[in-house]
Amino acid sequence: MYNQSKAKNQRHSFVVGVEYAHEDIFLELELGTFHTTPLHAQRIANSVNSIVLLKDHMVVIFKNAESITINDDFLKQAYKFRICIKPKLLPLELSALSHREREDFIRNQAYIVTEEDMKEVNWDIKTAFQYLQQQYEARDQSYFSFSSSSSYVIPLSTHVQQEVQHAP
Numbered sequence: 115m116y117n118q119s120k121a122k123n124q125r126h127s128f129v130v131g132v133e134y135a136h137e138d139i140f141l142e143l144e145l146g147t148f149h150t151t152p153l154h155a156q157r158i159a160n161s162v163n164s165i166v167l168l169k170d171h172m173v174v175i176f177k178n179a180e181s182i183t184i185n186d187d188f189l190k191q192a193y194k195f196r197i198c199i200k201p202k203l204l205p206l207e208l209s210a211l212s213h214r215e216r217e218d219f220i221r222n223q224a225y226i227v228t229e230e231d232m233k234e235v236n237w238d239i240k241t242a243f244q245y246l247q248q249q250y251e252a253r254d255q256s257y258f259s260f261s262s263s264s265s266y267v268i269p270l271s272t273h274v275q276q277e278v279q280h281a282p
């Protein structure tokens, strides 16, 4: 008998990745293709704790305290950088706003970044590091810590793709 529990436990191929950000630079990192269940694929995506960008490499730190070092000779195809090209607005002191003003601020499109505001750049690690040093007057900073932005799990299995194609 086929039920929802069996469907959740079926293994399929998934591309799993994360996106991390520091100021206006975004780093998309593909963790790999995995043949697993949807739940385990999401757990893999959620396993990254932080990413640290250094002068000539980056370190991906996982929640189990293990890490992997990526440089331009090792796993260069696994990452790409994007920058936000939307002009920066002055920060607001939210505590000074009324409830209504805060609600209006939340919906204000001027403060919302969309895909159209992002530009993919063909940078290596050194270029991204130098950009952050120059852009944020941090020439003596030896690393930049990226914070989590999002994760993705993309099904690759034929069975899953057919289900997506036939969805109403």
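Using our numbering, you'd call the opening residue of the sequence shown number 115 and step up by one each time.
Don't be surprised by glycine CBs; every beta carbon is placed ideally from N, CA and C.
None of the values given here were measured: they were computed from a predicted structure.
1) Can you tell which of Ser256, Leu145 and Ile220 has its C-alpha closest to the C-alpha of Gln244?
2) So, do the segment 218-233 and the segment 202-209 have three or more beta carbon pairs nearer to each other than 8 Å?
3) Confirm, please, whether the CB-CB distance from Gly131 to Leu141 is below 7 Å.
4) Quick one: residues in its chain with C-beta nearer than 7 Å to the C-beta of Phe176, no 5 flanking neighbours on either side, listed in chain order?
5) If you reduce the DSSP assignment to three classes, tell me which class Glu133 lands in.
6) From the DSSP output, which residues share a beta bridge with Glu144?
7) Grab me the residues of Arg109's own chain with a C-beta within less than 8 Å of its C-beta, minus the 5 sequence neighbours each way, in chain order.
8) Going by DSSP in three states, Lys194 sits in which element: helix, strand or coil?
9) Determine, using beta carbons only, whether Phe260 comes closer than 7 Å to chain B.
10) Determine the closest residue to His171 out of Ala242, Leu153 and Gln247, with distance taken between C-alpha atoms.
Straight from the coordinates:
1) Position 130 of the sequence shown, counted from the first residue, corresponds to residue 244. It is Ser256 whose Cα lies nearest to the Cα of Gln244.
2) Below 8 Å, enough C-beta pairs join the segment 218-233 and the segment 202-209 to call them touching: three or more.
3) Position 27 of the sequence shown, counted from the start, is the residue given in the question as residue 141. Position 17 of the sequence shown, counted from the start, is the residue given in the question as residue 131. It is not a contact, given that the beta carbons lie outside the stated cut-off.
4) Along the sequence shown, read from residue 1 onward, the residue named residue 176 stands at position 62. Once the five neighbours on either side are set aside, the close Cβ partners of Phe176 are Ser161, Val162 and Asn163.
5) For the purposes of this step, residue 133 is identified with residue 19 of the sequence shown, where counting begins at 1. If DSSP states are grouped into helix, strand and coil, Glu133 belongs with the strands.
6) As a working mapping, residue 144 is identified with position 30 in the sequence shown. Gly131, per the DSSP bridge assignment.
7) Only positions 115 to 282 of the chain appear in this structure, which leaves residue 109 out of reach.
8) Here residue 194 refers to the residue found at position 80 when the sequence shown is read from its first residue. Residue state, collapsed to three classes: strand.
9) The structure shown has no chain B; it contains just one protein chain.
10) Within the sequence shown, residue 171 is the residue found at index 57, counting from 1. Considering only alpha carbons, the answer is Ala242.
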